[in-house]
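Visitor: Got a structure for you, questions after.
There are 2 protein chains.
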Amino acid sequence: MKKLINAVDDVLAQSLAGFGRAHADLVRVSADPAFVVRADGPRQGKVALVSGGGSGHEPLHAGYVGKGMLDAACPGAVFTSPTPDQMLAAAGAVDGGAGVLFVVKNYEGDLMNFEMAAEMLETPHATVLTNDDVAVEDSTYTTGRRGVAGTVVVEKIAGSAAESGADLDACQALGERVNEATRSMGVALTSCTVPAAGSPTFTLAEDEMELGIGIHGEPGRARVPLMPADAVAETCLDAILNDLGAKGGDDLLLLVNGMGATPLMELYLLFDAAARILDGRNLKIARRLVGNYCTSLDMAGCSLTVTRLDPETTRLWDAPVHTAALRW
Amino acid sequence: MKKLINAVDDVLAQSLAGFGRAHADLVRVSADPAFVVRADGPRQGKVALVSGGGSGHEPLHAGYVGKGMLDAACPGAVFTSPTPDQMLAAAGAVDGGAGVLFVVKNYEGDLMNFEMAAEMLETPHATVLTNDDVAVEDSTYTTGRRGVAGTVVVEKIAGSAAESGADLDACQALGERVNEATRSMGVALTSCTVPAAGSPTFTLAEDEMELGIGIHGEPGRARVPLMPADAVAETCLDAILNDLGAKGGDDLLLLVNGMGATPLMELYLLFDAAARILDGRNLKIARRLVGNYCTSLDMAGCSLTVTRLDPETTRLWDAPVHTAALRW
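Taken in order, these protein sequences are the chains called A and B.
Note that this note's numbering has the first sequence beginning at 246, numbered continuously upward.
Note that this note's numbering has the second sequence beginning at 246, numbered continuously upward.
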């Protein structure tokens, strides 16, 4: 295993310490229990958005803590759900009296622990579950679809609504609406390596790729021969657009997401491929994002995410955001 | 070779097309000759900053075209200098009558071609050469030191000066001052693979790293056993700080840069390691940047860059910037 780390057991704590110090203008980091909150919080009268999940998907979620997005993020160990005490402590630290909205990716461990935290939480709260991955229905760690990069879109839009004063019900409804309008699918060219495991999660031959990969290296739809970028884009978009029921004239947000080890040059090439395909179907890329937004450690690969926008969600997407990983 | 591409010969053109389309609010892309310019240029009376170099280092340089940084970037083929006609066309497209400042990383091919372009250019012009890499003196493609991630700092600060109305001499002097105050050193855990080559540029054993790696995979100081992150930071900072002559009380900018395939989690862990070392030497991290800013395709590894700041360069670093890869 080749990683820029010290001891395997210190990876999360040291990375989090570095994150907190690098972004001290934006966030505060609690080491134990581990969570990240906005430096300018809690904000009275504002719905607090709290997310979290296993580490290894950076910048998800801590990179999205800040103005116009999350109020807190709870990082678990690599690919392991955070614990209810982290979620409770984070929610307590950011509660501004208007309720707490949990944004949870659909994995059994996360779901169970966020449910336990919610049961113990005495302030009003609600949950948005993301499950945007069209690759497979049930999966290694899920009943139903997996929540992947579309979570970033949900967090941005619900976060903007909360920032502009929407109440808990409205933020939850909006988060659910965005999740329902969002689909993703990804491919892996190589496996990731979990530090504590010390060896790759799976192996792919030099001429193979995994179609529909999960962000923890879970199997997707099929192991197929390595495809050109145009075919990768076509295959993923076919699955996404059919499932979404996209129609000519729709305004779409397109997120081309790197899995962690994919050069930016390839991600822009993928964006070009996806854009040519969407042009051919009379679908408009109204908003776009290209980069590493929901990763899988050192996996080489990418995912495409499409959200069907409406005037309200477009306006909330465009609203200012100031976090470590997303800023405009 | 596992890459998300179509044909090897189309990589640059398709990636550039995707970049231009994804950032149409910021840039315009010319396909032939290949260059990227600000969408809001040319700006009359403003010194125009033009940089460029081989592709494969994204977001360098095209990702830094925009308000407060570069006016144009000329991408060559992967790890290959752009040609003088690209540079001339780019300079012509952004010339606002106040002169053109070329920012050139010190590699023989780039130097020769930028010199040829400069000789043919009829408007006033000057050049800043960056050579921040302390790892080795002469190298595979250089006489003298290599220009690496410190180039980002030079482009940001000289770009801010140009944006605020500084004349050509002042922008050049500032660029040279920042370069003289900047040192970098990097390590590789794995090789990059150039698309046209189809196989890794070099090989490292599972327990080896290359200390002082160049951004094209050129050899550094030594091939050494894999080191923990703290030792990587210590070794790089020792070389950097000694060469820079950093003294207790200095205000520093610290850039922890990923080489392309390194997870963000590891980069923040490296930042933590570097910060602890600088604390111990009474050196203040006044400004910081953590992420993939000057890459080497799919290489796993990182570099550290330190710039000694003064009040003027700090102010110019802080000035607004709006590019694809750097924005505040």
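For glycine and all other residues, C-beta sits at the position ideal for the given N, C-alpha and C.
Please confirm whether PRO327(A) and GLY301(A) have their CB atoms less than 8 Å apart.
Guide: Contact flag unset, no.
Visitor: Can you list, in chain order, the residues of its chain whose CB lies under 6 Å from that of GLU408(B), leaving out five sequence neighbours each side?
Guide: The answer, listed in chain order, is GLY313.
Visitor: Less than 8 Å separating the beta-carbons of GLY344(B) and THR372(B)?
Guide: No, Cβ-Cβ distance for GLY344(B) and THR372(B) is not below 8 Å.
Visitor: Within the 8 Å Cβ cut-off, does CYS547(B) reach chain A?
Guide: Interface residue, yes.
Visitor: For LEU456(B) and THR427(B), which I take to be in contact (beta-carbon distance under 8 Å), what is that distance rounded to the nearest angstrom?
Guide: Actually they are not in contact, since the Cβ atoms of LEU456(B) and THR427(B) sit about 20 Å apart, beyond 8 Å.
Visitor: Less than 8 Å between CB atoms is the rule here; does LYS574(A) satisfy it with respect to chain B?
Guide: With chain A covering 246 to 573 only, the question about residue 574(A) has no answer from this structure.
Visitor: Considering just the uninterrupted stretch of the beta strand (DSSP E) at VAL345(B), what are its terminal residues?
Guide: Residues 345-350.
Visitor: Terminal residues of the continuous alpha helix (DSSP H) containing ASN358(A)?
Guide: Looking at the DSSP string, the run of the alpha helix (DSSP H) that includes ASN358(A) is 353-365.
Visitor: What is the rounded straight-line gap between the Cα of ASP412(A) and the Cα of GLU421(A)?
Guide: Each residue's alpha carbon lies about 14 Å from the other.
Visitor: In the DSSP assignment, the beta strand (DSSP E) including THR372(A) goes from what residue to what residue?
Guide: Note, THR372(A): beta strand (DSSP E), 370-375.
Visitor: Under 8 Å, do LEU500(A) and THR550(A) count as touching if we go by C-beta distance?
Guide: The answer is yes: Cβ separation under 8 Å.
Visitor: When you compare the CB positions of ASP378(B) and MET430(B), do they come within less than 8 Å of one another, or not?
Guide: Yes, Cβ-Cβ distance for ASP378(B) and MET430(B) is below 8 Å.
Visitor: Using 8 Å as the limit for Cβ to Cβ distance, is SER405(A) near chain B?
Guide: Closer than 8 Å: no.
Visitor: Chain A beta carbons: is any one of them nearer than 8 Å to that of GLY525(B)?
Guide: Taking Cβ atoms only, chain A never reaches closer than 8 Å to GLY525(B), which makes this a no.
Visitor: What residue range is occupied by the uninterrupted alpha helix (DSSP H) comprising PHE516(B)?
Guide: Looking at the DSSP string, the run of the alpha helix (DSSP H) that includes PHE516(B) is 509-525.
Visitor: For the beta strand (DSSP E) that contains GLY431(B), what are its first and last residues?
Guide: From DSSP, the beta strand (DSSP E) with GLY431(B) extends over 427-433.
Visitor: Which one of LEU257(B), ALA450(B), GLY311(B) has the shortest CA to CA distance from HIS283(B)?
Guide: According to the sequence shown, residue 283(B) is Arg rather than His. Nearest of LEU257(B), ALA450(B), GLY311(B) to ARG283(B), Cα basis: GLY311(B).
Visitor: At 8 Å on the CB atoms, spell out the chain A contacts of TRP573(B), in chain order.
Guide: Result: ARG572.
Visitor: Count the other CB atoms within 10 Å of the CB of GLN289(A); is the residue buried (16 or more) or exposed (fewer)?
Guide: Exposed, since its Cβ has fewer than 16 Cβ neighbours within 10 Å.
Visitor: Residue ranges of each alpha helix (DSSP H) run of no fewer than 4 residues wholly in the stretch 428-503 of chain B, ordered along the chain?
Guide: Counting only runs of 4 or more, we get 474-489.
Visitor: To the nearest angstrom, how far is it from the Cα of LYS291(B) to the Cα of ASN424(B)?
Guide: Their backbone Cα atoms lie some 22 Å apart in a straight line.
Visitor: Please report the residue range of the beta strand (DSSP E) in which PRO320(A) lies.
Guide: Run containing PRO320(A): 317-323, per the beta strand (DSSP E) assignment.
Visitor: Are the CB atoms of ALA336(B) and VAL295(B) within a distance shorter than 8 Å?
Guide: Contact: yes.
Visitor: How long is the line joining the alpha carbons of VAL339(A) and ASP254(A), rounded to whole angstroms?
Guide: Those two C-alpha atoms are separated by around 28 Å.
Visitor: Using a 10 Å radius around the Cβ and a threshold of 16 neighbouring Cβ atoms, would you call ASN487(B) buried or exposed?
Guide: ASN487(B) comes out exposed.
Visitor: Provide the residue span of the alpha helix (DSSP H) that contains THR550(A), from first to last.
Guide: Where THR550(A) is concerned, there is no enclosing alpha helix (DSSP H), although the beta strand (DSSP E) it sits in stretches over 546-553.
Visitor: Please list the partners that PHE264(A) has in chain B, where partner means a Cβ-to-Cβ separation under 7 Å.
Guide: Chain B residues near PHE264(A): TYR513.
Visitor: Quick one: any contact between the stretch 529-536 of chain A and the stretch 351-361 of chain A, if contact means 3 or more CB pairs under 8 Å?
Guide: Contact between the stretch 529-536 of chain A and the stretch 351-361 of chain A is absent, because fewer than three Cβ pairs lie under 8 Å.
Visitor: Beta-carbon separation of GLY505(B) and SER384(B) under 8 Å?
Guide: Contact: no.
Visitor: Span of the alpha helix (DSSP H) holding VAL398(B)?
Guide: Counting along the chain, the alpha helix (DSSP H) containing VAL398(B) begins and ends at 395-408.
Visitor: Which same chain residues, not among the five before or five after PRO445(A), have their C-beta less than 6 Å away from its C-beta?
Guide: Hits under 6 Å: SER436, THR438.
Visitor: Span of the alpha helix (DSSP H) holding SER260(A)?
Guide: 256-267 is the extent of the alpha helix (DSSP H) around SER260(A).
Visitor: Going along chain A, which residues have a C-beta under 9 Å from ALA520(B)?
Guide: Within chain A, the residues near ALA520(B) are ALA262, GLY263, ARG266, ALA267.
Visitor: Hey, would you say THR387(B) sits closer than 8 Å to GLU364(B), going by beta carbons?
Guide: Cβ distance not < 8 Å, so THR387(B) and GLU364(B) don't count as in contact.
Visitor: Using a 10 Å radius around the Cβ and a threshold of 16 neighbouring Cβ atoms, would you call GLU557(A) buried or exposed?
Guide: Label assigned to GLU557(A): exposed.
Visitor: If we require 4 or more residues per run, which alpha helix (DSSP H) segments fall completely within the stretch 268-342 of chain B?
Guide: Qualifying alpha helix (DSSP H) stretches, in chain order: 329-339.
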